[in-house]
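Asks: Pasting in a structure now, in structure tokens, and then I'll have a few things to ask.
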Amino acid sequence: MNDPLIAAALAARAHAVAPFSKFPVGAALEDAGGRVYTGCNVENATYGLTMCAERVAVYKALSEGARDFRRIAIAADTDALTPPCGACRQILWEFCGDIEVALANPRGKMETLRLKDLFPKPFDVSYL
Ligand code: THU
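The sequence shown finishes on residue 156 if you use the numbering used here, and the numbering steps up by one all the way, no holes.
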């Protein structure tokens, strides 16, 4: 894989804690300075407290002081590339704005989107 951010998302996927869904996902979020924060999905016995790979990456980055973001890569093993869920789109929008979203699978398929196209009419702080 040529894109190091996609390579990081694929590598993070290997750490997924997904014994219930058996659907490992990896994410890698790049900040404005080029630093990369990775995440994987983390499931638990209640199911409902599952945390997606994307939000793990966002919260890791925020907790380490990063604030401006450029791109996120998301990796799962599906032919139709896996997009972020609705909850993750909300969090990505609020903390990362209209970033580039690169979707990828382990067989080299990839697609690049903008978050505003995935999440066209967001509720955010501008309404409060
Ligand atoms: N999942 C993610 O981590 N990110 C996505 O973009 C889609 C879904 C996780 C949540 C759950 O652990 C598993 O994939 C199946 O939904």
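Positions of the beta carbon are idealized from the N, C-alpha and C atoms, including for glycine.
#1: With DSSP collapsed to three states, give me the class of D105.
#2: Between the Cα of D145 and those of N133, V84, I127, spot the shortest distance and give me the residue it belongs to.
#3: Would F51 and N72 qualify as a contact pair, given that the criterion is a beta-carbon distance under 9 angstroms?
#4: Taking 9 angstroms as the threshold (C-beta atoms), are L156 and F123 in contact?
#5: Could you give the residue range of the beta strand (DSSP E) that holds C68?
#6: For R99 versus V129, is the C-beta spacing smaller than 9 angstroms?
#7: Does the Cβ of R41 have 16 or more other Cβ atoms within 10 Å, making it buried, or fewer, making it exposed?
#8: How would you label V64, buried or exposed, when you count the other beta carbons within 10 angstroms and need 16 or more for buried?
#9: With a threshold of 9 angstroms between beta carbons, is I127 in contact with chain B?
#10: State the start and end residues of the unbroken beta strand (DSSP E) segment that holds A55.
#11: Indicate the three-state DSSP secondary structure (helix, strand or coil) for I127 in the structure shown.
Replies: To lay it out plainly:
#1: Collapsing the DSSP output to three states places D105 in coil.
#2: Of the candidates N133, V84, I127, the one whose C-alpha sits nearest the C-alpha of D145 is I127.
#3: Going by C-beta atoms, F51 is not nearer than 9 angstroms to N72.
#4: No, the Cβ-Cβ distance between F123 and L156 is not below 9 angstroms.
#5: Counting along the chain, the unbroken beta strand (DSSP E) around C68 starts and ends at 64-68.
#6: At a Cβ-Cβ threshold of 9 angstroms, R99 and V129 count as neighbours.
#7: It counts as buried.
#8: Counting Cβ neighbours within 10 Å, V64 comes out buried, since at least 16 surround it.
#9: Within the model displayed, chain B is absent; a lone protein chain is all it includes.
#10: Following the DSSP letters along the chain, one finds A55 inside the beta strand (DSSP E) bounded by residues 53-59.
#11: If DSSP states are grouped into helix, strand and coil, I127 belongs with coil.
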